[in-house]
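Colleague:
And the structure:
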């Protein structure tokens with residue numbers, strides 16, 4: 001009897017061993033090895049990378065956020081959606097509503113191809129509340145299979161429906177058609193106000209401006225422009241129509257060629273109808289970005305309920321399309337962020353909206369923990385795969401900071417991060433967090449700082465590195481070492497970091513929102529209860545965790561079900 | 001006679017010079033791809049490459065990807081019968097080629113015809129990745145699909161390079 005039992009147990013591991021090594025001479029990549037024998041709960045393989053608290057519909061492809069607005073107590077988000085599959089195509093404007101920007105209720109699609117002026121597609125656009133509290137949507141319509149694009153508008157069918165479920169497209173569409181002087185196939189994504197070559201006083205009649213608002217040669221196609229004022233004093237947002245006073249303006253464009261977004265801060269000359277970037281601004285591929293990672297097609301809106309400007313951005317998937325088809329969805333919206341002008345006036349600051357904090361659950365806190373070189377400290381007691389972490393690191397001295405080699409490109413943070421990853425020892429840094437880490441660090445996504453000495457200044461590099469994020473077959477898949485420089489005064493010898501971790505996304509904010517980086521990752525081991533979170537230091541200078549607070553994040557009650 | 005002469009000159013003007021311009025467009029476009037010979041060969045084999053623009057050349061190349069991917073998918077089906085011991089990697093490859101044919105190619109075609117070329121680039125970039133993922137399923141030297149995977153990959157990479165001109 002005893003022998004028989006022993007035999008049974010003996011067979012089991014041998015079976016596994018055979019399966020793994022003699023599987024027909026084939027290297028069975030651990031592409032789908034999610035089931036861990038120690039797993040507490042069963043895993044739905046297809047949904048292991050769905051986010052817990054980020055905006056996404058229940059299935060299918062999404063891309064650009066469209067027409068975000070606040071109207072009569074309700075926040076609206078429209079977004080590009082494919083009702084038929086998990087890749088881009090057959091695009092319609094899907095629509096969700098919310099009272100708090102966190103819980104979202106799906107309503108019927110707002111705009112679908114239905115008229116001659118949009119029968120081949122209803123692409124990105126904006127919403128505006130016109131005087132008299134009248135919302136209107138402007139969107140790009142595709143009218144034929146020859147890339148011809150026009151600008152249309154739509155208005156609510158019933159203004160007393162708080163959810164604005166139904167939208168009408170008046171017959172006097174299209175509102176704007178490209179003329180010969182414009183490339184008709186690169187004429188998209190209208191933003192309200194008067195961006196581009198068209199101006200309108202009454203919104204119905206558009207006149208081509210004599211000159212574009214702003215141009216930069218050699219940057220390729222621009223899309224999803226955004227143009228808005230920011231207050232020079234204080235942190236209140238401003239309605240888009242504000243032109244004068246203590247304001248500067250921000251112009252943001254998304255560049256097709258790099259899939260990155262860039263912004264400049266400058267002044268809008270109302271008389272000349274021109275935007276002039278500030279003198280120290282870098283315009284184009286080397287300029288400031290909202291986010292140095294996976295963040296695109298962003299759109300902002302003014303929220304009059306809380307007097308703030310809120311930014312939406314889209315992150316696509318970084319896995320293979322085959323995986324997207326299998327899991328049945330692709331694309332998420334990132335957590336909405338408030339935008340304000342940094343007191344220096346040189347850049348913007350972003351921070352997750354305060355309503356996100358209502359999802360914070362179980363909390364753990366650490367204070368005054370030291371990290372010597374090579375040490376890491378595990379943060380336990382929360383659901384680390386669905387978490388919000390805020391930490392302040394401090395260090396005694398900057399003397400050990402490694403020199404910034406003059407041959408390095410000062411505008412290519414990503415290249416520097418790929419060469420100097422989290423395991424490459426340094427002077428002051430690398431230190432930070434290891435997110436979505438497996439127990440033996442076969443998988444991890446580090447978010448960290450490294451400080452360099454540059455003559456009499458210091459340069460701070462912030463990285464969010466997907467290189468080792470997953471054991472799944474990496475051939476040709478996208479595992480970038482996203483990075484940005486942080487323009488921060490190190491006089492108090494502290495650096496802060498906040499990371500929002502949510503299964504397949506890590507959104508990080510350095511120095512209270514000076515530098516933001518979003519990564520998409522697909523761990524196979526570091527999932528659910530098997531994910532770990534560490535603070536680490538690989539620099540010779542000792543680093544201290546002044547204060548670390550971490551929360552489990554709950555799921556919103558409503559997410560587009 | 002004069003009318004005939006004028007008409008002939010008009011026809012030569014309409015068809016003679018544009019052909020030269022088209023050849024130049026094909027050559028310039030192909031020079032910006034990782035495989036000039038393959039690009040030239042594929043485009044010239046298609047009569048639609050005359051009198052079209054860069055997006056049109058892109059569509060021709062995407063069509064070539066589609067044809068070769070179909071051929072590969074058919075080959076995979078046959079191999080499932082003749083090489084049952086390779087069933088697992090072949091099943092994974094089927095998923096990859098289904099992704100190419102049912103998602104990447106249609107996405108690229110829609111994006112090129114309607115004018116948002118970055119999604120066409122995404123489609124062709126993924127198409128290339130799927131071939132590599134398929135090839136990697138097999139132990140070194142044991143893949144029966146190497147030639148076909150490489151063909152689809154090369155065509156996808158050329159298509160992607162053509163599309164990048166539109167960004």
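Protein chains in written order, with the UniProt record's numbering: chain A, 1 to 561; chain B, 1 to 167. No residue lacks a Cβ here, since even glycine has one placed at the ideal position from N, Cα and C. Everything numeric in this text was worked out from a predicted model, so none of it was measured.
Check whether chain A comes within 8 Å of residue 68 of chain B, counting only Cβ atoms and requiring the distance to be less than that.
Modeller: It does not: the Cβ of residue 68 of chain B has no partner Cβ on chain A nearer than 8 Å.
Colleague: Taking all protein chains shown into account, decide if residue 153 of chain B is buried (16 or more other Cβ within 10 angstroms of its Cβ) or exposed.
Modeller: Classification for residue 153 of chain B: buried.
Colleague: Exposed or buried, residue 139 of chain A, counting other C-beta atoms within 10 Å across all chains shown (16 or more means buried)?
Modeller: Buried.
Colleague: With residue 327 of chain A as the anchor, note down where its alpha helix (DSSP H) starts and where it stops.
Modeller: From DSSP, the alpha helix (DSSP H) with residue 327 of chain A extends over 321-327.
Colleague: According to the neighbour-count rule (16 or more other Cβ atoms, all chains shown, within 10 Å of its Cβ), is residue 145 of chain B buried or exposed?
Modeller: When all chains shown are included, residue 145 of chain B counts as buried.
Colleague: From the DSSP output, read off the bridge partner residues of residue 432 of chain A.
Modeller: DSSP lists A/448 and A/536 as partners of residue 432 of chain A.
Colleague: Roughly how many angstroms lie between the CA atoms of residue 154 of chain A and residue 168 of chain A, to the nearest whole one?
Modeller: Taking the straight line from one Cα to the other gives about 5 Å.
Colleague: Considering only their Cβ atoms, is the gap separating residue 453 of chain A from residue 403 of chain A smaller than 8 Å?
Modeller: Yes.
Colleague: Give the secondary structure of residue 157 of chain B by DSSP, where H, G and I count as helix, E and B as strand, and everything else as coil.
Modeller: Helix.
Colleague: Looking at the structure shown, is residue 173 of chain A part of a helix, part of a strand, or coil, going by DSSP?
Modeller: Coil, per DSSP.
Colleague: If you compare alpha carbons, which of B/132, B/94 and B/115 is closest to residue 157 of chain B?
Modeller: Comparing Cα positions, the closest option is B/132.
Colleague: Could you pull the start and end residues of the beta strand (DSSP E) that residue 303 of chain A belongs to?
Modeller: First-last of the beta strand (DSSP E) with residue 303 of chain A: 296-303.
Colleague: Is residue 469 of chain A closer than 8 Å to residue 517 of chain A when the C-beta atoms are compared?
Modeller: No; because the gap between Cβ atoms is not below 8 Å, this pair is not in contact.
Colleague: How would you write the range of the alpha helix (DSSP H) that residue 106 of chain B sits in, first residue to last?
Modeller: From DSSP, the alpha helix (DSSP H) with residue 106 of chain B extends over 105-114.
Colleague: Check this for me: beta carbons of residue 228 of chain A and residue 309 of chain A, under 8 Å apart or not?
Modeller: Closer than 8 Å, so yes.
Colleague: Name the one or two DSSP bridge partners that residue 467 of chain A has.
Modeller: Note: residue 467 of chain A sits in no beta bridge, so no partner.
Colleague: Restricting to Cα atoms, I'd like to know which of A/94, A/272 and A/498 is closest to residue 105 of chain A.
Modeller: The shortest C-alpha separation from residue 105 of chain A is found at A/94.
Colleague: For residue 145 of chain A, return the contacting residues in chain B, with the cut-off set at a CB-CB distance below 8 Å.
Modeller: Neighbours of residue 145 of chain A on chain B, chain order: 113 and 114.
Colleague: For the ligand HEM, I want to know if residue 405 of chain A counts as a neighbour, meaning its beta carbon is within less than 7 Å of at least one of the ligand's heavy atoms.
Modeller: Ligands in the displayed structure: none, and consequently the ligand HEM is not present.
Colleague: Counting along the chain, where does the beta strand (DSSP E) carrying residue 132 of chain B start and finish?
Modeller: Note, residue 132 of chain B: premise wrong, no beta strand (DSSP E); alpha helix (DSSP H) at 117-136.
Colleague: So which residues of chain A does residue 96 of chain B contact, with C-beta pairs closer than 7 Å?
Modeller: Result: 322.
Colleague: Taking CB distances under 8 Å as the criterion, tell me whether residue 88 of chain A reaches chain B.
Modeller: Cβ-Cβ to chain B under 8 Å: yes for residue 88 of chain A.
Colleague: May I have the straight-line CA-CA distance separating residue 69 of chain A from residue 110 of chain B, to the nearest angstrom?
Modeller: Going from the Cα of residue 69 of chain A to the Cα of residue 110 of chain B covers about 30 Å.
Colleague: Could you tell me which chain B residues have their CB closer than 7 Å to the CB of residue 477 of chain A, listed as they occur along the chain?
Modeller: Simply 129.
Colleague: When you compare the CB positions of residue 322 of chain A and residue 99 of chain B, do they come within less than 8 Å of one another, or not?
Modeller: Against a cut-off of 8 Å, the Cβ pair of residue 99 of chain B and residue 322 of chain A comes out as a contact.
Colleague: Could you check what DSSP says for residue 46 of chain A in three-state terms: helix, strand or coil?
Modeller: In the structure shown, residue 46 of chain A sits in a helix (DSSP, three-state: H, G or I).
Colleague: Run through DSSP, which three-state label would residue 491 of chain A get?
Modeller: Looking at residue 491 of chain A - three-state DSSP - the assignment turns out to be coil, as it is neither helix nor strand.
Colleague: Once the 5 residues before and after residue 317 of chain A are set aside, which same chain residues still bring their CB inside 6 Å of it?
Modeller: Cβ within range, chain order: 324 and 330.
Colleague: Please list, in chain order, all residues of the same chain as residue 180 of chain A whose beta carbon is under 7 Å from its beta carbon, the five residues on each side excluded.
Modeller: No answer about residue 180 of chain A holds up, because its pLDDT of 47 lies below 50 and its placement is not dependable.
Colleague: Residue 136 of chain B: which of A/474, A/349, A/116 and A/222 sits nearest, CA to CA?
Modeller: When each option's Cα is compared against that of residue 136 of chain B, the closest is A/474.
Colleague: In the stretch 252-269 of chain A, which residues sit with their C-beta less than 8 Å from some C-beta in chain B, listed in chain order?
Modeller: Going along the stretch 252-269 of chain A in chain order, one finds 256, 257 and 259 with a Cβ nearer than 8 Å to chain B.
Colleague: Can you give the Cα-Cα distance for residue 152 of chain A and residue 144 of chain A, rounded to whole angstroms?
Modeller: Computed Cα separation, rounded: 15 Å.
Colleague: Between residue 136 of chain B and chain A, is the shortest Cβ-Cβ distance under 8 Å, so that the two count as touching?
Modeller: Yes, residue 136 of chain B counts as interfacial toward chain A.
Colleague: Could you give the DSSP three-state label for residue 150 of chain B: helix, strand or coil?
Modeller: Looking at residue 150 of chain B - three-state DSSP - the assignment turns out to be helix.
Colleague: Going by alpha carbons, who is nearest to residue 305 of chain A out of A/486, A/238 and A/327?
Modeller: Residue 305 of chain A has its Cα closest to that of A/238, out of A/486, A/238 and A/327.
Colleague: Counting only Cβ pairs nearer than 8 Å, list the residues of chain E close to residue 167 of chain B.
Modeller: The chain labelled as chain E is not found among the protein chains of the depicted structure, namely A and B.
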